[in-house]
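Remarks on the structure that follows.
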Amino acid sequence: MRWRGILLLGVALCALLIPLDADARRRRRRRRYRRGGGKRVVVMKFAGGRSGLRARNGFVRGIRRRTRLVSASRFVDRADDLGLDPNSPRGRSGACHKLKCHAIVRGSVRRAGRSYVVTVTVYNALDGQAIGKRAARVRGARRLVRAGVALGRACLRLIGRGRIPSGAPAAAPKPPPPTPPPPAPVARTPDPDPPPARVKKRRRNDDDDDDDGDGVRRSASRGSKAGLVSLGVSIGLSTRTYELAGANPAQNSKYDGGLFPEFRLLADLYPLVPFVKNFARNVGIGVSYARHITISTKLPANSDEVDTSSQQFIVDLRVRWAFLKKPTSPVALIRAGFGLRDFNLGANTVLTSFNYQFLQFGLDGYVPLGTPLIALHAGFDVRPLLKIGKEAVDSYGSRVGGLGFAVRAGAYGTHRSGVFYFLTFEYLSFSAEFAGLDASQVRGQTPDRAEATTGSDRYIRLWAGGGYRYDL
Numbered sequence: 116m117r118w119r120g121i122l123l124l125g126v127a128l129c130a131l132l133i134p135l136d137a138d139a140r141r142r143r144r145r146r147r148y149r150r151g152g153g154k155r156v157v158v159m160k161f162a163g164g165r166s167g168l169r170a171r172n173g174f175v176r177g178i179r180r181r182t183r184l185v186s187a188s189r190f191v192d193r194a195d196d197l198g199l200d201p202n203s204p205r206g207r208s209g210a211c212h213k214l215k216c217h218a219i220v221r222g223s224v225r226r227a228g229r230s231y232v233v234t235v236t237v238y239n240a241l242d243g244q245a246i247g248k249r250a251a252r253v254r255g256a257r258r259l260v261r262a263g264v265a266l267g268r269a270c271l272r273l274i275g276r277g278r279i280p281s282g283a284p285a286a287a288p289k290p291p292p293p294t295p296p297p298p299a300p301v302a303r304t305p306d307p308d309p310p311p312a313r314v315k316k317r318r319r320n321d322d323d324d325d326d327d328g329d330g331v332r333r334s335a336s337r338g339s340k341a342g343l344v345s346l347g348v349s350i351g352l353s354t355r356t357y358e359l360a361g362a363n364p365a366q367n368s369k370y371d372g373g374l375f376p377e378f379r380l381l382a383d384l385y386p387l388v389p390f391v392k393n394f395a396r397n398v399g400i401g402v403s404y405a406r407h408i409t410i411s412t413k414l415p416a417n418s419d420e421v422d423t424s425s426q427q428f429i430v431d432l433r434v435r436w437a438f439l440k441k442p443t444s445p446v447a448l449i450r451a452g453f454g455l456r457d458f459n460l461g462a463n464t465v466l467t468s469f470n471y472q473f474l475q476f477g478l479d480g481y482v483p484l485g486t487p488l489i490a491l492h493a494g495f496d497v498r499p500l501l502k503i504g505k506e507a508v509d510s511y512g513s514r515v516g517g518l519g520f521a522v523r524a525g526a527y528g529t530h531r532s533g534v535f536y537f538l539t540f541e542y543l544s545f546s547a548e549f550a551g552l553d554a555s556q557v558r559g560q561t562p563d564r565a566e567a568t569t570g571s572d573r574y575i576r577l578w579a580g581g582g583y584r585y586d587l
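Residue numbers for the sequence shown follow my numbering, beginning at 116 and rising by one.
Have a look at this one:
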């Protein structure tokens with residue numbers, strides 16, 4: 116009897132709780148409907164391929180707890196049944212009247228460099244007009260779902276302003292009467308060519324790679340334009356410091372040269388630019404040649420001047436890469452090549468001549484400061500030595516090891532006409548170890564050294580120049 120009484124008491128309590136719980140659910144639904152939830156919404160497919168699908172999935176996830184979703188295919192079918200375009204205001208209003216919808220959502224995803232721009236527009240079902248628009252910008256495709264969720268929550272207030280159309284849905288307009296057949300074609304002379312001023316304006320505003328200047332097809336490479344060939348010339352000042360150190364500090368020697376002017380010629384060519392639109396158009400060849408304008412060397416032991424010549428030649432294979440598709444994009448330049456660096460002196464008993472041959476592996480970067488007219492430039496090279504010249508080997512013995520490097524920084528700018536300028540500071544250093552000569556090989560009245568030595572050859576150079584670059 117006691118267990119039966121407890122069971123009856125439990126049943127009575129459950130019977131009392133069921134209406135209370137139903138009333139609470141009803142109040143929650145009514146409160147959610149007043150806050151904008153519970154609206155019937157059609158979310159159309161987002162333009163943008165797989166990126167649009169990710170953004171739409173996130174948008175649906177952001178609004179599904181506060182709205183009631185209606186199938187987009189049913190929306191299109193109802194508009195077709197009425198003979199209306201589902202993308203027109205009349206078509207949106209008519210289809211929503213059939214489905215009792217409050218709002219329609221359309222979206223798109225557009226890529227801008229490494230970022231994605233998601234745009235969502237909410238339309239009122241009452242008149243088919245846009246209620247408002249929201250947009251978000253994210254970096255990386257993996258964040259599109261998260262951006263869609265945030266946009267969905269941001270659009271809930273706009274969805275809450277949607278209204279169901281009243282009255283019968285608008286019928287499709289009557290088709291226009293059939294048009295009469297066109298007259299027979301009449302031969303006519305072709306239109307004259309557009310005036311030169313118009314052609315010039317169209318080419319100036321056309322920054323894509325289409326043939327007719329309509330801006331439809333974009334280049335497959337980074338950046339709106341690609342340089343085909345460039346030529347440059349510069350004038351600068353250089354100074355040289357050479358130090359030779361051995362086991363006996365008393366025999367160490369050091370030479371500090373004065374400033375001497377130099378000129379330099381630069382050229383690069385990207386031969387595949389007119390023919391391809393892929394990455395291969397960014398592979399090119401670069402050449403540079405520098406030579407002294409006037410120079411003389413005063414020996415440290417006396418005041419005699421020795422005839423001197425200084426020159427450098429480098430040829431390399433280079434690859435450029437613009438990180439964004441705009442004129443103010445940072446650009447990286449990777450280079451690998453071969454070079455010669457000569458510093459020749461006349462006959463003397465203090466210094467010897469050097470004729471370096473080296474490989475070059477370098478990286479340069481250009482970062483525009485909001486405009487192509489001024490950009491910061493920085494770069495470095497590593498130059499493994501191959502040879503140092505016959506005269507240096509005859510004076511100091513065979514080369515045991517050697518390495519060179521260069522560090523540079525400066526400014527660079529280009530005008531849309533193709534004219535560019537640059538200002539560069541460079542520090543260049545070569546270091547080589549020599550095995551020394553046998554005592555029988557040491558010559559008199561020469562800079563020959565019998566002991567092992569280490570030579571350090573350093574140059575400081577400042578360049579200023581300009582040139583012209585032809586773009587396609």
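Where is the CB? At the ideal position from N, CA and C, for every residue including glycine.
Check                                                                                                                                                        : Outcome
Less than 8 angstroms between the C-beta atoms of R450 and Q426, yes or no?                                                                                  : no
Q366 bridges to which residues according to DSSP?                                                                                                            : Note: Q366 sits in no beta bridge, so no partner.
Can you tell me which of A265, L538, G504, G275 puts its alpha carbon nearest to the alpha carbon of V237?                                                   : G275
Would you mind sorting P297 into buried or exposed? The rule is 16 or more other CB atoms within 10 Å of its CB.                                             : exposed
Between L122 and the rest of its own chain, which residues show a CB-CB distance below 8 angstroms, the 5 nearest in sequence each way excluded?             : none
Taking only runs that begin and end inside the region 151 to 228, name each unbroken beta strand (DSSP E) of 3 or more residues, in chain order.             : 154 to 158, 182 to 185, 218 to 227
I'd like to confirm the pairing. Which residues does DSSP put opposite K502 in its beta bridges?                                                             : Q472
Measure the C-alpha to C-alpha separation of K259 and K160 and round it to an integer number of angstroms.                                                   : Checking the sequence shown, residue 259 turns out to be Leu, not Lys. Each residue's Cα considered, the two are about 15 angstroms apart.
Do the region 511 to 518 and the region 564 to 577 meet, that is, are 3 or more Cβ pairs less than 8 angstroms apart?                                        : yes
Let's test the definition: count the other Cβ atoms within 10 Å of the Cβ of A362 and tell me whether it reaches 16, buried, or not, exposed.                : exposed
Measure the alpha-carbon distance for A447 versus A490 and round it to whole angstroms.                                                                      : 13 angstroms
Please look up how many angstroms separate the CB atoms of R193 and G267, rounded, as I've assumed it's under 8 angstroms.                                   : Actually they are not in contact, since the Cβ atoms of R193 and G267 sit about 24 angstroms apart, beyond 8 angstroms.
Would you call the CB atoms of R433 and A405 closer than 8 angstroms?                                                                                        : no
Tell me the DSSP secondary structure of P554 in three-state form.                                                                                            : A small correction: the amino acid at residue 554 is Ala; Pro does not occupy that position in the sequence shown. The answer is helix: DSSP assigns A554 an H, G or I state.
In three-state terms, what does DSSP make of N397?                                                                                                           : helix
Thinking C-beta only, is A521 closer than 8 angstroms to E541?                                                                                               : yes
Let me make sure I understand the geometry here. Which of L466, P364, S368, S349 has the alpha-carbon closest to that of I408?                               : S349
Helix, strand or coil: which one does DSSP assign to G452?                                                                                                   : strand
Using CA atoms only, rank isn't needed, just tell me which of P483, G255, R249 is closest to H530.                                                           : P483
Look up A567 in the DSSP assignment and say whether it is helix, strand or coil.                                                                             : coil
For V348, which of helix, strand or coil comes out of DSSP?                                                                                                  : strand
Can you give me the Cβ contacts of G206 inside the same chain, cut-off strictly under 8 angstroms, excluding the 5 residues immediately before and after it? : A194, L197, L199, D200, G243
Report yes if the CB atom of G494 is closer than 8 angstroms to the CB atom of G347, and no otherwise.                                                       : no
Should P280 go down as buried or exposed, given a rule of 16 or more other Cβ atoms within 10 Å for buried?                                                  : buried
Which residues in the same chain have their Cβ closer than 8 angstroms to the Cβ of A554, if we skip the five residues on either side of it in sequence?     : A565
Use the C-beta contact count for R562: other C-beta atoms within 10 angstroms, 16 or more gives buried, fewer gives exposed.                                 : Reading off the sequence, residue 562 comes out as Pro, not Arg. Its Cβ being crowded by 16 or more others within 10 Å, P562 is buried.
I'd like the list of long-range same chain contacts for W436, defined as Cβ closer than 6 angstroms, with 5 residues on each side in sequence excluded.      : A447
Distance check for T294 and S444, CA to CA, integer angstroms please.                                                                                        : 53 angstroms
Please confirm whether A550 and L538 have their CB atoms less than 8 angstroms apart.                                                                        : no
Closest to N367 by C-alpha separation, out of L466, R252, P389, would be which residue?                                                                      : L466
Please report the distance separating the alpha-carbon of G222 from that of G167.                                                                            : 8 angstroms
According to DSSP, is S546 helix, strand or coil?                                                                                                            : strand
Roughly how many angstroms lie between the CA atoms of R584 and V388, to the nearest whole one?                                                              : 13 angstroms
Does the beta-carbon of T486 have 16 or more other beta-carbons within 10 angstroms, so that it is buried, or is it exposed?                                 : exposed
What is the C-beta distance between V430 and V398, in whole angstroms, given that I count them as a contact (C-beta under 8 angstroms)?                      : Their Cβ separation, rounded to whole angstroms, is 15 angstroms, which puts V430 and V398 out of contact at 8 angstroms.
Would the beta-carbon of R155 fall within 8 angstroms of that of C216?                                                                                       : yes
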